[in-house]
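K.L.:
Handing you this structure, nothing more for now.
Residue numbers (the working numbering), protein chains in the order written: chain P, 2 to 161; chain G, 499 to 1205.
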């Protein structure tokens, strides 16, 4: 059942022997200890488990691990650079754009995919891109503000 | 510091007798578990000994202990300024230990917006006493009367000779303080606050944005197994037969039975998810003959007991004197808490000691629950609530912690239980459905003459009218003693429990009367209010909103509502747009003004207001648990819709400046009026009145057709 899978995880070339049918979410959390990626619903409806695969926002609870072969996987743990927060992370902090924080990694990863595609998103574009990421605490207006601020800070999205 | 040796082994009462009630202090080695060594009769109330709340290290670090938990509401940020001010220490020296039954003083649970208004005063009183003891110690050390000393930033100075001083850390040397102040010192006056009242951003946001914060599900201990538990298809189903052979064939999976559970366990989370669906089970069904459509009739027919409150005048007299009389019936539905983190627990036995980490609002309640359910001594159980990923009342119940502990005992291994989203939508203790009937009347001038309010199954919170009505009565009907259950599944507190239901009914009724009177709804409210706090809130929100008067329905789509919750007064205004072809309501903006007494952290309070208003959009517009008997049909975010980015309007909030008043609750109040404000705005926009939430497009469209 186990298969050797090669992929890039948070910038590091990685090889792992694992059952390729396992879910990316649980492999990240349990095998690699990357628990910043959260389980929220297991059905792809909430977005708490969002990671980037080749710069696309993907619901890791819906991805068989075998699918990442040869690809670039970026999780929330891969964002900070030498201990410095990524501009998106910094903007979330500056705007208090979180409460319980459980949806936050998925929010940031979804926003990152947006900014990578569209370095200067308008407010309606932000809302559209984020609309399927759920937050129950009601931090929405601050999250939108944070993404707007981050896109300005990133000056065209050249970082990461 | 008198004769430490002599006093050892004596009971606290004996100190007073022997030494005449003066101040005695002796030190014993600091041990975090010491604070749990309380007399049995005190064990489940907030302790009196301030050592249970605070420890001062030799380097001056002040560690405060609270059984409260952080679930996003932000007390991790707002408690330390209160503590720093009370003890006169620098804010950065205050550390907080939360939600650990082994380290923290007993706490009944984190709910009811009680942390600041109820735990706060207890904590402040304890710290005030600690400060008083430290002053006395300093007086002895420096040989100067207490009156000539000043405490600042953790240092006690001789007021007129500041080079003569001693630090808190030098006085305590990190040891436990045995205190006795016969006269408890008053808490610090608000005018002397250095930290309270300033704006603080969240102190936990950096680890949260980095994904470093550990929630219960992020913990891992050696040998840990994941468990999934066999669940019935509906509430009221009983297991008849079960075949686990297919599940047992899966490599690395074990089926366990016992303690009322059938579960699959594995070190591999995917394997338990795969195995659980391979269990074939048959059930017999004995469900309540009720569904989401018939529930209101069912509630009205239920065997109930009534209690009355806020009775004045005579309802019948009032009815006779009224120019116009109004009779309305309002309905509210079952709601899910739906935190993004599902109920999660990790249980580990070490010998006969049990540790349970759980996403819970009530670590001490879980500790009691474990003691009862597993029949093990409470002293052998430690419950720790790490960061909690949202609660809203739903994590006041802790079934998952019991389940993890039972399976850990059966398997002899540490066990992690992470509820699926379906389990979360099944075993949630839902916001109860309720019915309200309001009979009211007014005179020709638009003054309310009588108010006869009846509420079924939605409790008394927010049920009493806030208006000045001469003839009034509130009657609350709850399940009768020994009567059969009314709800087909568990119900429980949901953010501002039941106040949403009551405020919806009351404030819709007020607008119905204002419309009939031909009086602007703000003017109508002000005319019928004597409560100055509410009048101030209404005026403040009107100013922030830029409200201009208009008779209902004005066509503008503006609505308002107000109410009191958790000791806080608040008024809300909404502006909406209605799509007449689809029935869809879009909320354009919300404004809210709040009197919460002294605001400890205006930034945190503001965020809570925004959160309440945003969450309130859900029950106002979409959230509704659909069910048939015990079968819950909305078990995912595809069928149970919670607020999304595209729903969120412009939000403006005002916190009234009330520094001289005690701080009140901040986590719930603004959610209570969102439903009524939007329903009233719908009437203002269209002339259509809906007597229930949620105001779904289908319901709005149907009502529009009938106009």
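From the three backbone atoms N, C-alpha and C, an ideal C-beta is built for every residue, glycine too.
#1: Taking just the CA atoms, how far does residue 729 of chain G sit from residue 775 of chain G?
#2: Can you list, in chain order, the residues of its chain whose CB lies under 7 angstroms from that of residue 537 of chain G, leaving out five sequence neighbours each side?
#3: Taking a contact to mean a Cβ-Cβ separation below 9 angstroms, would you say residue 987 of chain G touches residue 924 of chain G in this structure?
#4: Between residue 1050 of chain G and the rest of its own chain, which residues show a CB-CB distance below 7 angstroms, the 5 nearest in sequence each way excluded?
#5: Could you compute how far the alpha carbon of residue 1169 of chain G sits from the alpha carbon of residue 601 of chain G?
#6: Out of G:1002, G:928, G:873, G:892, which one is the CA nearest neighbour of residue 934 of chain G?
#7: To which residues does DSSP link residue 954 of chain G through a beta bridge?
#8: Quick one: is residue 137 of chain P near chain G, going by C-beta distance under 9 angstroms?
#9: How many whole angstroms separate the CB atoms of residue 23 of chain P and residue 768 of chain G, which I take to be in contact at a CB cut-off of 8 angstroms?
#10: Does the beta-carbon distance from residue 894 of chain G to residue 607 of chain G come in below 9 angstroms?
#11: Just to confirm the assignment, what range does the alpha helix (DSSP H) spanning residue 796 of chain G have?
#12: Leaving out five residues before and five after residue 994 of chain G in sequence, what residues of the same chain have Cβ atoms less than 6 angstroms from its Cβ?
#13: Pairing CB atoms from the stretch 1070-1088 of chain G with CB atoms from the stretch 1182-1192 of chain G, are three or more of them under 8 angstroms?
#14: Just the chain P side, please: which residues come within less than 7 angstroms of residue 1112 of chain G by C-beta, in chain order?
#15: Mapping the DSSP letters down to three states, classify residue 941 of chain G as helix, strand or coil.
#16: On a Cα-Cα basis, can you pick out the residue from G:1145, G:1119, G:1202 that is closest to residue 1191 of chain G?
#17: Would you please verify whether the beta carbon of residue 155 of chain P is less than 9 angstroms from any beta carbon of chain G?
#18: For the stretch 1098-1111 of chain G and the stretch 682-699 of chain G, state whether three or more C-beta atom pairs, one from each stretch, are separated by less than 8 angstroms.
#19: Hey, could you find the ends of the beta strand (DSSP E) residue 824 of chain G is sitting in?
#20: Give a yes or no on whether the minimum CB-CB distance between residue 100 of chain P and chain G is below 9 angstroms.
#21: Over what stretch of residues does the alpha helix (DSSP H) that includes residue 1169 of chain G continue unbroken?
#22: What's the C-alpha gap between residue 519 of chain G and residue 548 of chain G?
#23: On the CB-based measure, 16 or more other CB atoms within 10 Å of its CB, does residue 1158 of chain G come out buried or exposed?
#24: Going along the chain, which residues of the stretch 109-126 of chain P sit with their C-beta nearer than 8 angstroms to a C-beta in chain G?
#25: Quick test of your reading: residue 1069 of chain G and residue 1035 of chain G, contact by CB under 8 angstroms. State the CB separation rounded to the nearest angstrom.
#26: I'd like to know if the stretch 67-77 of chain P and the stretch 849-864 of chain G are in contact, where contact means that at least 3 CB-CB pairs between them fall below 8 angstroms.
#27: Whose Cβ in chain G lies nearer than 8 angstroms to the Cβ of residue 86 of chain P?
#28: What are the uninterrupted segments assigned as alpha helix (DSSP H) that are 4 or more residues long and contained completely in the stretch 1128-1169 of chain G, given in chain order?
#29: Comparing C-alpha positions only, which one of G:588, G:898, G:781 sits nearest to residue 724 of chain G?
#30: Within 10 Å of its beta-carbon, does residue 737 of chain G have 16 or more other beta-carbons around it, so buried, or fewer, so exposed?
#31: Specify the secondary structure class of residue 1079 of chain G as computed by DSSP and reduced to three states.
#32: Rounded to whole angstroms, what's the CA-CA distance from residue 1108 of chain G to residue 1115 of chain G? Just pull it up for me.
#33: Are the C-beta of residue 1105 of chain G and some C-beta of chain P separated by less than 9 angstroms?
#34: Could you check what DSSP says for residue 914 of chain G in three-state terms: helix, strand or coil?
#35: Got a sec: is the Cβ-Cβ distance from residue 60 of chain P to anything in chain G below 9 angstroms?
#36: Can you check whether the CB of residue 727 of chain G is closer than 9 angstroms to the CB of residue 740 of chain G?
P.N.:
On the basis of the supplied data:
#1: The residue labelled residue 775 of chain G in the question sits at position 277 within the second chain. The residue labelled residue 729 of chain G in the question sits at position 231 within the second chain. Going from the Cα of residue 775 of chain G to the Cα of residue 729 of chain G covers about 10 angstroms.
#2: Indexing the second chain from 1 puts residue 537 of chain G at position 39. Any reading at residue 537 of chain G must be qualified, since the residue scores a pLDDT of 37, below 50, and its modelled position is unreliable; the value itself is stated next. The answer is none, since no qualifying residue turns up.
#3: Position 489 of the second chain, counted from the first residue, corresponds to residue 987 of chain G. Position 426 of the second chain, counted from the first residue, corresponds to residue 924 of chain G. Cβ atoms of residue 987 of chain G and residue 924 of chain G: closer than 9 angstroms.
#4: One-based indexing of the second chain puts residue 1050 of chain G at position 552. Within the same chain, residue 1050 of chain G has close Cβ partners 1009, 1012, 1013, 1019, 1181, 1182.
#5: Locating residue 1169 of chain G in the second chain gives position 671, counting from the first residue. Locating residue 601 of chain G in the second chain gives position 103, counting from the first residue. Looking at the two C-alpha atoms, the distance is approximately 34 angstroms.
#6: Locating residue 934 of chain G in the second chain gives position 436, counting from the first residue. That would be G:1002, whose Cα lies nearest to the Cα of residue 934 of chain G.
#7: Sequence index remark: in the second chain, residue 954 of chain G carries index 456 (1-based). DSSP output for residue 954 of chain G lists G:933, G:975 as bridge partner(s).
#8: Along the first chain, read from residue 1 onward, the residue named residue 137 of chain P stands at position 136. It does: the Cβ of residue 137 of chain P has a partner Cβ on chain G nearer than 9 angstroms.
#9: Sequence index remark: in the first chain, residue 23 of chain P carries index 22 (1-based). Sequence index remark: in the second chain, residue 768 of chain G carries index 270 (1-based). Contact holds; Cβ gap of about 5 angstroms.
#10: Indexing the second chain from 1 puts residue 894 of chain G at position 396. Indexing the second chain from 1 puts residue 607 of chain G at position 109. Yes; because the gap between Cβ atoms is below 9 angstroms, this pair is in contact.
#11: Stepping through the second chain from its first residue, residue 796 of chain G is reached at position 298. Run containing residue 796 of chain G: 793-799, per the alpha helix (DSSP H) assignment.
#12: Looking up residue 994 of chain G in the second chain gives position 496. Contacts found: 1063, 1166, 1169, 1170.
#13: yes
#14: Here residue 1112 of chain G refers to the residue found at position 614 when the second chain is read from its first residue. Simply 139, 141.
#15: Position 443 of the second chain, counted from the start, is the residue given in the question as residue 941 of chain G. In this structure, residue 941 of chain G counts as coil in the three-state DSSP scheme.
#16: Along the second chain, read from residue 1 onward, the residue named residue 1191 of chain G stands at position 693. Of the candidates G:1145, G:1119, G:1202, the one whose C-alpha sits nearest the C-alpha of residue 1191 of chain G is G:1119.
#17: The sequence position of residue 155 of chain P within the first chain is 154, counting from 1. Answer no: the Cβ-Cβ gap between residue 155 of chain P and chain G never drops below 9 angstroms.
#18: yes
#19: For the purposes of this step, residue 824 of chain G is taken as residue 326 along the second chain, with counting starting at 1. Element bounds for residue 824 of chain G: 822-830.
#20: Within the first chain, residue 100 of chain P is the residue found at index 99, counting from 1. Yes, residue 100 of chain P lies at the interface with chain G (some Cβ there is under 9 angstroms from its Cβ).
#21: As a first step, residue 1169 of chain G must be located in the second chain, where it is residue number 671. Element bounds for residue 1169 of chain G: n/a, residue is neither H nor E.
#22: Start at 1 with the first residue of the second chain, and residue 519 of chain G comes out as number 21. Start at 1 with the first residue of the second chain, and residue 548 of chain G comes out as number 50. Because the pLDDT of residue 519 of chain G is 26, which lies under 50, any placement of that residue in the model is unreliable, and the question is left without a value.
#23: For the purposes of this step, residue 1158 of chain G is identified with residue 660 of the second chain, where counting begins at 1. Exposed, since its Cβ has fewer than 16 Cβ neighbours within 10 Å.
#24: 109
#25: Residue 1069 of chain G sits at position 571 when you count from the first residue of the second chain. Residue 1035 of chain G sits at position 537 when you count from the first residue of the second chain. Residue 1069 of chain G to residue 1035 of chain G, Cβ: 4 angstroms. Contact.
#26: no
#27: Counting from one through the first chain, the residue named residue 86 of chain P turns up at place 85. Under the 8 angstroms cutoff, chain G gives 704, 707, 708.
#28: none
#29: Start at 1 with the first residue of the second chain, and residue 724 of chain G comes out as number 226. Taking only the C-alpha atoms, the option nearest residue 724 of chain G is G:898.
#30: Counting from one through the second chain, the residue named residue 737 of chain G turns up at place 239. So residue 737 of chain G ends up on the exposed side.
#31: Indexing the second chain from 1 puts residue 1079 of chain G at position 581. Correct three-state label for residue 1079 of chain G: coil.
#32: Counting from 1 along the second chain, the entry for residue 1108 of chain G is found at position 610. Counting from 1 along the second chain, the entry for residue 1115 of chain G is found at position 617. Distance between the alpha carbons of residue 1108 of chain G and residue 1115 of chain G: 11 angstroms.
#33: By 1-based counting over the second chain, the position of residue 1105 of chain G is 607. Yes - at least one Cβ of chain P is within 9 angstroms of the one on residue 1105 of chain G.
#34: Mapped onto the second chain, residue 914 of chain G falls at position 416. Note: residue 914 of chain G maps to strand in three-state DSSP.
#35: In the first chain, the residue the question calls residue 60 of chain P occupies position 59. It does not: the Cβ of residue 60 of chain P has no partner Cβ on chain G nearer than 9 angstroms.
#36: The residue given as residue 740 of chain G occupies position 242 in the second chain. The residue given as residue 727 of chain G occupies position 229 in the second chain. For residue 740 of chain G and residue 727 of chain G, no; Cβs fall outside 9 angstroms.
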